[in-house]
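Notes follow once the structure below has been shown.
In our numbering, the protein residues as written are 839 to 1166.
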């Protein structure tokens, strides 16, 4: 990978950071040999920054800088300075796996990281996380993005990726706080709202039941009511306390002319929420349709509506139609 910089404008900043590893050094200094190797690496890095417009590990000066840094690390494996230098060089040249490894080892030695180290370590983590996901290794992606979140908890890209990865792995409890945070920070983002709703349902009713329920809603909205009912039935079988799924199963089965089935669903809605007047209405409707026939009941109820509107002629026609459907 290649990274682009205005090297002359950036040079003084980077040199300060590269040389700054000595400022944070403890009283125990590098050995003369390790110190000399590191200084030569810094000099090569400075020349590279001043010589190239774009930076990659195939350029001779960067290879020289890396070689000296590796020598310093070999000579002083217990010291953090060579690791910090290598982490910076690998980051600048886009060798992210080496940058990650160097900063990981550096953090183990020093504990708390300074701001610049966090930025570069987090960048390497994000790059490796995306590469892992793209290659089909979701668990590695999750590990890398988790590290990035540890380093940069305010990074929105990382928050969203963690929510997505946990969601795709079927772990709504872990995904929920990330999608909640995403919506809190960008409340107008419909995509974030969608995922938040999904994981809330998954966490409450289970992944299988929730996925079936939302699949049913999508099918219903597209007019595929038979598929919708099948999905809603799958949802209620997966979780017998899934109130919304029972409501939609009852509604859809009524619309498909299956009142006996609808009555069982509306009865379950009432058992879950006895105060639901809408459910009581549809339960009675389904029972009447199952007993007298769908067409007869619908015509009779249409007649009642016309009668209450003082449209007696239309009401009489509807009642007559109802008796023609069911004379009993």
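Just so it is clear, CB atoms sit at the ideal spot from N, CA and C, and this is done for glycine as well.
Asked, Found
"Report back the beta-carbon spacing between residue 963 and residue 989 to the nearest angstrom; my notes put them in contact at under 8 Å.", "7 Å"
"For the structure I just gave you, are there three or more beta carbon pairs, one from the stretch 1058 to 1069 and one from the stretch 1025 to 1044, closer than 8 Å?", "no"
"Using 8 Å as the threshold, is the stretch 1078 to 1091 in touch with the stretch 1100 to 1111, meaning 3 or more CB pairs across them?", "yes"
"When you compare only the Cα positions, how much space is there between residue 1128 and residue 991?", "57 Å"
"Please list, in chain order, all residues of the same chain as residue 1099 whose beta carbon is under 6 Å from its beta carbon, the five residues on each side excluded.", "1091"
"Could you spell out where the alpha helix (DSSP H) holding residue 900 opens and where it closes?", "898 to 913"
"So residue 875 packs on residue 913, CB below 8 Å; how close in whole Å?", "6 Å"
"Rounded C-beta distance between residue 941 and residue 967? I'm assuming under 8 Å.", "No, residue 941 and residue 967 are not in contact; Cβ-Cβ is about 15 Å, not under 8 Å."
"Our contact map puts residue 1000 next to residue 976 with C-beta atoms below 8 Å; I'd like the distance itself, whole angstroms only.", "Rounded, the Cβ-Cβ distance is 12 Å, inconsistent with contact."
"When the Cα of residue 1072 is compared with those of 1126, 1014, 1061 and 1055, which residue comes out closest?", "1055"
"So what's residue 1095 in DSSP terms, helix, strand or just coil?", "coil"
"Compute the distance between the beta-carbons of residue 895 and residue 931, then report whether it is under 8 Å.", "yes"
"Could you round the C-beta distance between residue 879 and residue 907 to whole angstroms and report it? I think they count as a contact, below 8 Å.", "4 Å"
"Would you tell me roughly how many angstroms separate the C-alpha atoms of residue 1023 and residue 923, rounded to the nearest one?", "36 Å"
"Rounded to the nearest angstrom, what separates residue 1089 and residue 1052 at their Cα positions?", "15 Å"
"Using CA coordinates, which residue listed in 981, 1020 and 1010 is at the minimum distance from residue 994?", "1020"
"Hey, how far is the Cα of residue 953 from the Cα of residue 1036?", "36 Å"
"Helix, strand or coil, according to DSSP, for residue 989 in the structure here?", "helix"
"Could you tell me how far apart the beta carbons of residue 970 and residue 960 are, in whole angstroms, since I believe they sit closer than 8 Å?", "Contact doesn't hold; Cβ gap of about 15 Å is too wide."
"With a CB to CB cut of under 7 Å and the five nearest residues on each side skipped, what residues in its chain are close to residue 863?", "For residue 863, the predicted structure reports a pLDDT of 43, less than 50, and the residue's modelled location is therefore unreliable. A value from the coordinates is still provided. For residue 863, where only same-chain residues beyond five positions count, the Cβ hits under 7 Å are 919."
"Measure the C-alpha to C-alpha separation of residue 910 and residue 935 and round it to an integer number of angstroms.", "20 Å"
"Taking 6 Å as the limit between beta carbons, can you name the residues of its chain near residue 1029, skipping five residues before and five after?", "none"
"Can you grab the Cα-Cα spacing for the pair residue 1126 / residue 1117, in whole Å?", "14 Å"
"Alpha carbon to alpha carbon, how far is residue 985 from residue 901?", "28 Å"
"With respect to the alpha helix (DSSP H) encompassing residue 1011, which residues constitute its N-terminal and C-terminal limits?", "1010 to 1023"
"For residue 946, count neighbouring Cβ atoms within 10 angstroms of its own Cβ and tell me buried if that reaches 16, exposed if not.", "exposed"
"For residue 891 and residue 955, what's the separation of their Cα atoms in angstroms?", "23 Å"
"Within a Cβ cutoff of 8 Å, which residues of the same chain sit near residue 987, ignoring the five residues on either side of it in sequence?", "993, 996, 997 and 1000"
"Residue 1076: which of 1048, 1097 and 1119 sits nearest, CA to CA?", "1048"
"Between which residues of its own chain and residue 1016 is the CB-CB distance below 8 Å, once the five residues before and five after are set aside?", "997, 998, 1000, 1001 and 1004"
"Mapping the DSSP letters down to three states, classify residue 1122 as helix, strand or coil.", "helix"
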